[in-house]
Amino acid sequence: MATSFWSFVNRRDFLTGSGFAVSAFTTPVIRWLVTPADEEAGLTGGRKQVGRADLEELRDAADEARRWDSKYGGGNWKANSVTACLQERAAPLLRGSFTDAVGRDLFSVTSELSRLAGWTAFDVGQHDVAQRHFIQALRLSRAGGDVELGCYVLTTMAMQSLLRGFGSEAVDMAQGAFERAKGRAAPRVLAFTKLIEARAHARERDARAASRALAASEDLLGRADATGGPEPAWIDFYHHARLSADAAEVFRDLKNPKAALAWNQRAAAMPSGVFTRSVGMRLAIVGTAHLQARDLDHGLDLGNRSVDILSRVRSSRAKDYVREFNAALAPWRHEPAVREFVHRTRTELGIVA
7 MATSFWSFVN RRDFLTGSGF AVSAFTTPVI RWLVTPADEE AGLTGGRKQV
57 GRADLEELRD AADEARRWDS KYGGGNWKAN SVTACLQERA APLLRGSFTD
107 AVGRDLFSVT SELSRLAGWT AFDVGQHDVA QRHFIQALRL SRAGGDVELG
157 CYVLTTMAMQ SLLRGFGSEA VDMAQGAFER AKGRAAPRVL AFTKLIEARA
207 HARERDARAA SRALAASEDL LGRADATGGP EPAWIDFYHH ARLSADAAEV
257 FRDLKNPKAA LAWNQRAAAM PSGVFTRSVG MRLAIVGTAH LQARDLDHGL
307 DLGNRSVDIL SRVRSSRAKD YVREFNAALA PWRHEPAVRE FVHRTRTELG
357 IVA
């Protein structure tokens, strides 16, 4: 099913919309929660014998796609090449011959590539395509017996759900991922799951539950740093600086600017040349918190800096943060500086108020 999907998703006549149906996640999520790992992964009879060198090539492709996605957004040509890699490199390997051990690693790295393809599609607003990639990624992680990666994929699905307006469903998915992977996933992986749960609670305006999940994420991060156990490479981005930055978003959503700005003070600066999209979104989030605190001048300064950075990124998701910033400008909509800023977001980012 995965290779069939990859064979036509890159075709010019493949039609995409902006559709997202949270109900489409129900069956694959339930199946993963019931059985997160298949028993067998070996395959015989294929024309090509798959080896470790083939897996390294796929891992390198995933690492490079992550770097380009962070710097240029999901619309860059390198990030979009992930689906071509899935079709041209991963699909023939899945139809080859491999031992159980090689097969598990093959399914796992292919799952991560599919998750990346979904993430880049989501970032540019192709929500239906993203959803299909995430579903395939979850099934591939199960085929590889990789419960850690399945937890991460399900957490990503929860993030898509909450950002599409389905906060309560996102809470259920994040909690399910945590409970199923507890005791089988590294603390840092579980910590990220709790972070997304906190963000979903915040979108649902449940301050107590959001604070509880955020505290759990912080505790798990502390445990990860203290023990220094083995961790998958794809979770290396999640440290206290990222937690603090996301916590600022949590409290912005809860309309608690004092807490949002306090958390932002704890977040370390990120180099805009590496994490371009994240830096631009963070500036919009913190700027919105300043507007909630009735500090127009400081908010506009951060808003303009956000536009400076995000104009270099192709990401509809990043633009959503600027739209939220613009909405927070409503009390000052007649101010000349505000009108100028809104005009700038329209001309430079294509944002229509």
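Following the numbering used here, the numbering of the sequence shown begins with 7 at its first residue and continues without gaps. Ideal Cβ positions, reconstructed from N, Cα and C, are used throughout, including at glycine.
Applying the criterion that 16 or more other CB atoms from any shown protein chain within 10 Å of the CB defines a buried residue, is Asp111 buried or exposed?
-> buried
Inter-residue CB distance, Ala204 and Leu220 (contact presumed, cutoff 8 angstroms) | 4 angstroms
So who's on the other strand from Gln132, going by DSSP bridges?
-> Answer by DSSP bridge pairing: none, since Gln132 is not bridged.
On the premise that Ser120 lies in contact with Asp152, defined as a C-beta separation below 8 angstroms, what is that separation, rounded to the nearest angstrom?
-> Contact doesn't hold; Cβ gap of about 12 angstroms is too wide.
State the start and end residues of the unbroken alpha helix (DSSP H) segment that holds Thr161.
-> 153-169
Would you check if the distance between the CB atom of Ala266 and the CB atom of Tyr327 is smaller than 8 angstroms?
-> no
Hey, how far is the Cα of Ile357 from the Cα of Ser321?
-> 12 angstroms
Sheet register partners of Gln55 (DSSP bridge) | Ser103
Look at Tyr244 and Arg283 and say whether their C-beta atoms are less than 8 angstroms apart.
-> no
Determine the contact status of Gly156 and Pro42, defining contact as a CB-CB distance below 8 angstroms.
-> yes
Provide the residue(s) that pair with Leu289 in DSSP beta bridges, ordered along the chain.
-> Its beta-bridge partners do not exist; DSSP assigns none.
Quick one: is Glu175 buried, meaning 16 or more other Cβ sit within 10 Å of its Cβ, or exposed?
-> buried
Check each candidate in Ser312, Arg329, Thr9 and name the one with the smallest Cα separation from Arg369.
-> Given a span of 7 to 359 for the chain in the structure shown, any question on residue 369 remains unanswerable.
Can you name, in chain order, every residue of its own chain whose Cβ lies under 8 angstroms from the Cβ of Lys261, other than the five neighbours on each side?
-> Gln298
Would you mind reading off the limits of the alpha helix (DSSP H) that contains His207?
-> 193-209
Whole-angstrom Cβ separation of Trp240 and Glu118, contact assumed at under 8 angstroms?
-> 6 angstroms
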